[in-house]
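Notes for the one structure printed next.
Residue numbers (the numbering used here), protein chains in the order written: chain A, 59 to 170; chain B, 14 to 124.
Shown next as structure tokens:
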């Protein structure tokens with residue numbers, strides 16, 4: 059158990075619906091990351107927070123995607139108007155300032 | 014950007030033998046390198062990391078070797094066990110964030 063908690067673990071939705079994923083990082087970690095992983099591929103960076111500030115967003119994060127970390131603790135990743143191409147595992151990771159990333163178990167999204 | 018590639022997508026190894034997984038990266042400015050293990054349906058699990066000021070680091074049954082000259086990274090697993098069966102990813106980064114991952118090597122341990 060890495061200590062990073064993600065919810066829900068699985069989400070099935072219809073195309074066009076909105077979905078939201080939550081990540082609770084390890085409590086003393088000030089950095090939080092979102093990655094996306096499709097079948098047979100390695101995780102791809104989406105965005106990164108240091109405390110409550112979102113410092114970088116990948117071009118993979120279209121306008122339909124928004125991530126927040128309002129109090130510098132938990133984070134949410136929302137996908138609006140989901141498309142079938144959004145089907146993937148969404149991974150959250152946290153780290154201390156100079157340490158390795160600890161990943162959660164992921165939230166698997168299936169868009170029908 | 015960073016490009017990370019693994020030399021072999023799959024590796025089959027006899028239980029008790031040593032395993033070697035290789036990885037190549039493109040950005041010579043990368044200074045942080047990590048190996049992760051991922052089991053089916055789970056998130057990546059940290060195995061071992063190494064920074065660019067080192068060329069070798071050892072953990073429990075694992076060794077990471079870094080060759081910055083040819084931009085090559087390898088993971089050696091000693092006395093491979095059935096529980097080592099998983100997908101292994103190398104990840105490369107700088108400033109300790111925004112890691113770039115390779116596609117993964119699937120290791121299968123034969124009894």
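All C-beta atoms in this analysis are idealised placements derived from N, C-alpha and C, irrespective of residue type, glycine included.
Check                                                                                                                                 : Outcome
Residues of the stretch 90-106 of chain A with a CB closer than 9 angstroms to any CB of chain B: list them in chain order, please.   : 91, 93, 95, 98, 99, 100, 101, 102, 103 and 106
From which residue to which residue does the beta strand (DSSP E) around residue 69 of chain A run?                                   : 68-71
Does residue 158 of chain A get closer than 7 angstroms to chain B when you measure Cβ to Cβ?                                         : yes
With a cut-off of 7 angstroms, does the C-beta of residue 119 of chain A fall near any C-beta of chain B?                             : no
Does residue 99 of chain B come within less than 7 angstroms of chain A when only Cβ atoms are used?                                  : no
So if I threshold CB-CB distances at 7 angstroms, which residues from the stretch 32-56 of chain B count as touching chain A?         : 47, 55 and 56
Closer than 8 angstroms, Cβ to Cβ, to anything on chain A: give me those residues from the stretch 69-102 of chain B, in chain order. : 102
Report the rounded CA-to-CA distance for residue 74 of chain A versus residue 140 of chain A, giving the unit in angstroms.           : 5 angstroms
So the candidates are A:129, A:95, A:68 and A:138; which of them puts its Cα closest to the Cα of residue 85 of chain A?              : A:129
Using a Cβ-Cβ distance cut-off of 7 angstroms, determine whether residue 161 of chain A contacts chain B.                             : yes
Closer than 7 angstroms by beta-carbon distance: list the chain A residues that pair up with residue 30 of chain B, in chain order.   : Per Cβ cutoff of 7 angstroms: no residues; residue 30 of chain B is ~25 angstroms from chain A at best.
Let me check understanding here. Comparing Cα to Cα, which of A:79, A:89, A:72 and A:68 lies closest to residue 158 of chain A?       : A:89
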